[in-house]
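Protein sequences appear in the order of chains S and P.
If you're matching positions, the first sequence starts at 143 in our numbering and goes up one per residue.
If you're matching positions, the second sequence starts at 143 in our numbering and goes up one per residue.
C-beta atoms are modelled at their ideal positions from N, C-alpha and C, and glycine is treated no differently.
Only one structure is covered here, and it is reproduced in the block below.
Protein chains: 2
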Amino acid sequence: MKIFVPKETADGETRVAASPDTVKKLIGRGAAIVVEAGAGARSRVTDEAFEAAGATIGSASDAGTADVVLKVRRPAADELSAYKSGAVVIAIMDPYGEDAALKAMADAGILAFAMELMPRITRAQVMDVLSSQANLAGYRAVIDAAHEFDRAFPMMMTAAGTVPAARIFVMGAGVAGLQAIATARRLGAVVTATDVRPAAKEQVESLGAKFIAVEDDEFKAAETAGGYAKEMSKEYQAKQAELVASHIAKQDIVITTALIPGRPAPKLVSAEMVAAMRPGSLLVDLAVERGGNVEGAVAGQIAEVGPARIIGYANVPGRVSASASLLYAKNLSAFLETMLDKESSALKIDFDDELVKATLLTRDGKVVHPNFAKAAAAP
Amino acid sequence: MKIFVPKETADGETRVAASPDTVKKLIGRGAAIVVEAGAGARSRVTDEAFEAAGATIGSASDAGTADVVLKVRRPAADELSAYKSGAVVIAIMDPYGEDAALKAMADAGILAFAMELMPRITRAQVMDVLSSQANLAGYRAVIDAAHEFDRAFPMMMTAAGTVPAARIFVMGAGVAGLQAIATARRLGAVVTATDVRPAAKEQVESLGAKFIAVEDDEFKAAETAGGYAKEMSKEYQAKQAELVASHIAKQDIVITTALIPGRPAPKLVSAEMVAAMRPGSLLVDLAVERGGNVEGAVAGQIAEVGPARIIGYANVPGRVSASASLLYAKNLSAFLETMLDKESSALKIDFDDELVKATLLTRDGKVVHPNFAKAAAAP
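Spelled out as structure tokens, the structure:
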């Protein structure tokens with residue numbers, strides 16, 4: 143089995159889909175691995191490091207003889223045309239609303255696996271790219287905010303007076319939000335957070351942040367009902383929105399992290415809320431590539447909007463590329479190992495395995511994933 | 143008494159020498175204060191905020207009628223020509239090796255006070271601009287390093303494996319160094335530090351960092367001898383240099399903070415030491431404007447040198463301008479208040495006061511400070 147790890151071609155993609163560790167591990171399972179020259183350069187992995195782990199350094203043309211291609215991003219058209227029919231290609235495939243791209247992968251005859259569709263079950267935790275990358279995005283959102291901010295985060299009591307702590311509000315307490323809370327707390331900021339799930343209150347508070355919510359009877363009932371409770375009433379949502387709006391006006395920094403798989407990001411911060419902030423305020427929109435949580439956010443830019451600036455960097459995990467690649471590579475190799483025969487180390491895909499069923503997009507020239515097969519088949 | 147606060151004209155100077163707090167306080171002492179329009183814009187103080195505190199918003203031409211000018215940087219030639227003879231001008235004067243500039247201030251007939259010459263005595267702690275600004279520089283050095291670094295600082299134990307903590311070495315454990323240590327520790331880095339004063343070991347360790355030193359009998363004797371012990375022997379210095387060199391080669395990030403008043407910064411990190419670091423390593427040189435602690439550092443730039451990048455930003459306190467201005471303004475107003483008559487609130491300078499003697503550079507057309515009078519008088 144020959145594995146190929148290309149240099150990513152997408153604009154601004156700094157990550158790489160293998161690490162010296164995963165190369166060593168997969169070679170131990172009987173694979174031969176070719177890494178394209180310079181593939182790890184932007185994640186601080188030299189060709190020499192890949193070679194020392196047992197890989198051969200090659201060029202883009204090695205893709206044509208590979209049984210498995212490990213990638214970060216969905217292959218572009220010119221990459222697809224180089225792959226051999228029947229090759230396994232594993233990446234973050236970004237499949238929603240991308241029917242033409244899915245059809246192109248089907249036409250190329252590859253088995254395309256989308257890592258972001260991995261089910262969130264215990265067995266697949268080690269393969270969870272959404273968590274591994276969101277964790278780093280949450281950290282980096284706070285570093286980027288601290289870098290743009292014109293004050294120190296921690297309260298500083300000096301002989302010449304006290305510098306107040308920065309006030310940071312984190313919207314969305316998933317993996318990214320919780321890491322943002324933890325990092326902002328580490329740096330000494332006064333941190334508040336909110337989430338549509340009342341059950342998130344406990345996690346937020348365990349990190350030393352204050353949960354912002356209208357804590358009426360409906361909230362209290364939902365809080366104890368557990369993780370994915372029913373949607374809150376319209377009345378409750380209106381009261382909560384009002385509370386959040388007045389809270390944002392008093393913050394120095396707002397970090398938004400709300401994503402809904404397969405759908406545009408929910409709008410959490412309106413232009414009016416941004417306009418009500420104080421001069422010099424910052425927002426960091428981690429959902430900007432999905433349409434954004436903040437009105438006025440622009441992907442890849444810091445947008446000046448009234449009194450505030452909205453940081454809308456794209457590919458935030460790629461801004462800590464060395465860490466992001468390390469974890470991403472591990473996610474991929476762990477998944478690939480489940481598809482190897484225990485005896486022969488050859489590829490032996492069990493198409494009934496729930497991990498395979500959840501992530502396999504294309505096979506035998508067709509889009510086979512239930513979420514996308516219909517759209518792709520439409521004229 | 144009329145006080146004027148100009149907009150700073152020096153390139154890249156983001157700070158301002160007054161805050162709404164200090165304006166209010168000085169007006170309470172009977173002063174009339176004119177702030178140049180836009181003076182606080184880069185420190186997040188609006189003209190409206192200065193007005194609300196009681197100041198009048200004016201223009202650069204208001205300098206000509208001011209009894210006191212509060213500034214951040216030494217006045218430029220065109221500013222000097224606008225001041226009235228006998229005006230008090232208080233700023234960070236950067237007097238060493240600047241004889242022509244000192245003569246120009248003397249010729250303008252002003253009383254120029256250099257805040258950085260304030261004696262380090264209890265009474266003057268609130269006026270200590272070196273401490274207030276160095277504290278913020280130490281914080282910001284770590285934020286700048288985290289921003290340029292391609293990995294997360296804290297150890298992260300995730301389902302996909304462990305991201306190791308960043309290793310940070312702080313050279314010089316003065317105000318800036320101690321704040322750098324504290325900030326890097328907050329962010330979860332593994333921090334080591336060193337200082338030429340063995341007595342600094344205790345302070346470094348109290349912040350959770352490890353002190354790097356050859357701990358032989360000479361060191362132990364010096365450690366207990368207190369703050370400013372005698373210089374260590376040549377033999378000791380050689381052993382220590384060797385230890386530090388091998389330590390630097392294992393670090394992700396080195397932050398240098400060593401300054402000697404009135405002299406070029408000591409060279410701590412040679413080109414060989416930089417070359418021995420691993421690919422992707424970073425150095426932050428807080429002494430770059432004084433010639434630099436790191437060979438290859440360039441003021442105002444990130445220099446790529448072999449496997450590493452050396453961050454050499456100028457005016458690092460100005461990179462957290464809102465906090466820096468707040469503290470700096472307080473330093474200045476506290477000093478100015480000591481020069482006001484208790485009854486009439488008029489200027490009444492006691493030229494025998496040790497604070498005045500330590501900081502006054504020029505008076506009655508002459509350079510009067512003992513450290514500079516001779517050089518300035520030379521042909």
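Of all Cβ atoms in chain P, is any one closer than 7 angstroms to the Cβ of S/D292? yes
Using a Cβ-Cβ cut-off of 7 angstroms, state whether S/Q443 counts as contacting chain P. no
Any beta carbon of chain P sitting closer than 7 angstroms to that of S/Y455? no
Whose C-beta lies closer than 7 angstroms to the C-beta of P/R215 among residues of the same chain, with five residues either side of it excluded? E150, A152, E155, A233 and I234
Residue from S/A174, S/V147 and S/V210 with nearest C-alpha to S/G180: S/V147
Using beta carbons (cut-off 7 angstroms, strictly below), is P/K167 in contact with chain S? no
P/A456: which of P/A159, P/R282, P/F192 and P/T198 sits nearest, CA to CA? P/R282
Count Cβ pairs between the stretch 402–417 of chain S and the stretch 372–392 of chain S that sit closer than 8 angstroms; are there 3 or more? yes
Would you decide whether P/G404 is buried or exposed? Buried here means 16 or more other CB atoms lie within 10 Å of its CB. exposed
Locate the alpha helix (DSSP H) running through S/L474, then write down its first and last residues. S463 to T480
With a threshold of 7 angstroms between beta-carbons, can P/V305 be considered close to chain S, or not? yes
Taking the continuous alpha helix (DSSP H) assigned at P/R328, which residues delimit it? V317 to R328
Presumed contact (8 angstroms Cβ cut-off) between S/K144 and S/T207, rounded CB distance: 6 angstroms
Starting from S/K381 and walking both ways along the alpha helix (DSSP H), at which residues does that stretch end? K376 to I390
Please report the distance separating the alpha-carbon of P/P217 from that of P/E496. 24 angstroms
When DSSP labels each residue in this structure, what does S/Q267 get in the three-state scheme? helix
What I want to know is whether the C-beta of P/R451 ends up closer than 6 angstroms to one or more non-hydrogen atoms of the ligand PLP. Absence of the ligand PLP is noted for the structure shown, with no ligands found whatsoever.
So, are the CB atoms of P/V440 and P/G454 less than 7 angstroms apart? yes
So with CB distances below 7 angstroms, who are the chain S contacts of P/Q267? A301
Quick one, are the C-beta atoms of S/G433 and S/P459 less than 7 angstroms apart? no
Let me check understanding here. Comparing Cα to Cα, which of P/T501, P/A302 and P/I491 lies closest to P/Y238? P/T501
Quick check on S/E258: does DSSP put it in helix, strand or coil? helix
Taking Cβ-Cβ distances shorter than 8 angstroms, what residues in chain S pair up with P/D270? A301 and A302
Excluding the 5 residues flanking S/R505 on each side, which residues of the same chain have their C-beta closer than 7 angstroms to its C-beta? L253
Taking C-beta pairs closer than 8 angstroms, name the residues in chain P that S/G459 reaches, listed in chain order. For the record, residue 459 of chain S in the displayed sequence is Pro; it is not Gly. Residues of chain P passing the Cβ test: none, with the nearest at roughly 10 angstroms.
Hey, P/P162 and P/A191 are a contact pair by Cβ (cut 8 angstroms); roughly how many whole angstroms apart? 5 angstroms
If you measure between the beta carbons of P/L424 and P/I402, is that distance less than 7 angstroms? no
To the nearest angstrom, report how far apart S/L128 and S/A246 are at their CA atoms. This structure gives no information on residue 128 of chain S, because the portion of chain S shown stretches from 143 to 521.
Does any C-beta atom of chain P lie closer than 7 angstroms to the C-beta of S/R328? yes
Please confirm whether P/N558 has its beta-carbon closer than 7 angstroms to some beta-carbon of chain S. No answer is possible for residue 558 of chain P: the residues shown for chain P start at 143 and end at 521.
For P/M419, the three-state DSSP class (helix, strand or coil): coil
Looking at chain S, which residues of the stretch 192–222 of chain P have a Cβ within less than 8 angstroms of any of its Cβ atoms? none
Would a C-beta distance cut-off of 7 angstroms place P/V345 and P/G280 closer than the cut-off? Strictly speaking, residue 345 of chain P in this sequence is Gln, with Val absent from that position. Contact flag unset, no.
Contact set between P/A464 and chain A, taken where Cβ atoms lie within less than 8 angstroms: Absent from the structure is chain A; the protein chains it does hold are S and P.
From S/P512 to P/V312, what does the alpha carbon distance come to, in whole angstroms? 55 angstroms
Reduced DSSP secondary structure (H/G/I, E/B, other) of P/R451: strand
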